[in-house]
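Accompanying notes for the structure given below.
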Amino acid sequence: MAEWLQTLLPEILPAGWGANDSCWLAFMMTRESEHNPPFYWLGRALDEVEVGGAIEVLGARLVAAHGARTCGGRGEADERAQDVLTEACAYAWAVTRLGTATFEVVGEVEHAPVRISVPLSDTQNGVYVLPRRLWPVNSLQRVMTSIGEQTAAAANLLPEGAHGIVYLDCWHQQQYAQNLGYRLE
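Written out as structure tokens, the structure is:
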């Protein structure tokens, strides 16, 4: 994953713990899968996006969401960048579980929402995978509210009569999604 981030955002320099730059992307450029296994899957997702020919689109969206340079702190720019990485994960999930997929940007390439089209056959309509990501909140009630809001927003991206699957990513403040995952069990 670190190599992908360095390739897609070459103006951001890797920064470890305690560095003056607390940009999430800069820190993630110092992490590898041995530090946190979910990063392995994120790297694989970016590999799938490249194989599918959409890495340039994803890179443009990442720069538009975060900016080409470090944001200097873990804030909204980092959250938006993670939203774009969720799109990569949703794409990889769609390709590996459902078949050939393509990104469809509903508006401007850099800023508009994305849906992932998966055709079933030449004669059958396919399905859309709708990537969404929960931002950190401070209560389980807000998590549930956010899930409802994200699902409703995703439904608005479906063409009339189409079927959709909402791909929902959760943040993980601690390793392995401990903060949210353990509270939902």
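Per this note's numbering, residue 828 is the first one in the sequence shown, and the count goes up by one each step.
Just so you know, even glycine gets a beta-carbon here, dropped at the ideal spot from N, CA and C.
Since the model is a prediction, treat every value here as computed from it, not as a measurement.
Whole-angstrom C-beta distance between residue j and residue i, which should lie under 8 Å
i, j, result
"V956", "V945", "6 Å"
"A908", "L852", "6 Å"
"V876", "Y918", "5 Å"
"G879", "V922", "6 Å"
Nearest residue (CA-CA) to residue i, options the options
i, options, result
"E937", "I882, W831, T857 and W920", "I882"
"D905", "E935, L925 and P963", "P963"
"G843", "S966, L967, A829 and P837", "A829"
"E935", "W920, N965, G975 and A891", "A891"
"G953", "P837, A895, F866 and L985", "L985"
"G975", "L832, T927, L995 and E914", "L995"
"P865", "T913, T978 and C898", "T913"
"L947", "H893, A989, L869 and W868", "A989"
"L925", "T857, M856 and G991", "G991"
For residue i, three-class secondary structure by DSSP
i, result
"P865", "helix"
"L1007", "Confidence at L1007 is low in this model, with a pLDDT of 46, below 50, so the placement of that residue should be treated as unreliable; the coordinate-derived value is given next. Looking at L1007 - three-state DSSP - the assignment turns out to be helix."
"W831", "helix"
"T972", "helix"
"V922", "helix"
"Q1001", "Any reading at Q1001 must be qualified, since the residue scores a pLDDT of 49, below 50, and its modelled position is unreliable; the value itself is stated next. Of the three classes helix, strand and coil, the one that applies to Q1001 here is coil, per DSSP."
"E1012", "No answer about E1012 holds up, because its pLDDT of 40 lies below 50 and its placement is not dependable."
"L836", "coil"
"T1024", "With the chain covering 828 to 1012 only, the question about residue 1024 has no answer from this structure."
"E937", "coil"
"T897", "coil"
"G870", "helix"
"G843", "coil"
"A881", "coil"
CB of residue i within 8 Å of CB of residue j, strictly
i, j, result
"R959", "V993", "yes"
"F854", "V884", "no"
"A982", "C916", "no"
"R896", "I839", "yes"
"C850", "G886", "no"
For residue i, the residue or residues it bridges with in DSSP
i, result
"H990", "V954"
"S966", "None, per the DSSP bridge assignment."
"D996", "R960"
"I943", "F930 and V956"
Near the ligand ADP: residue i beta-carbon under 7 Å from a heavy atom
i, result
"E935", "This structure lacks the ligand ADP; in fact it carries no ligand of any kind."
Short CB-CB distance (under 8 Å) between residue i and chain C
i, result
"E838", "No chain C appears in the structure shown, which is made up of a single protein chain."
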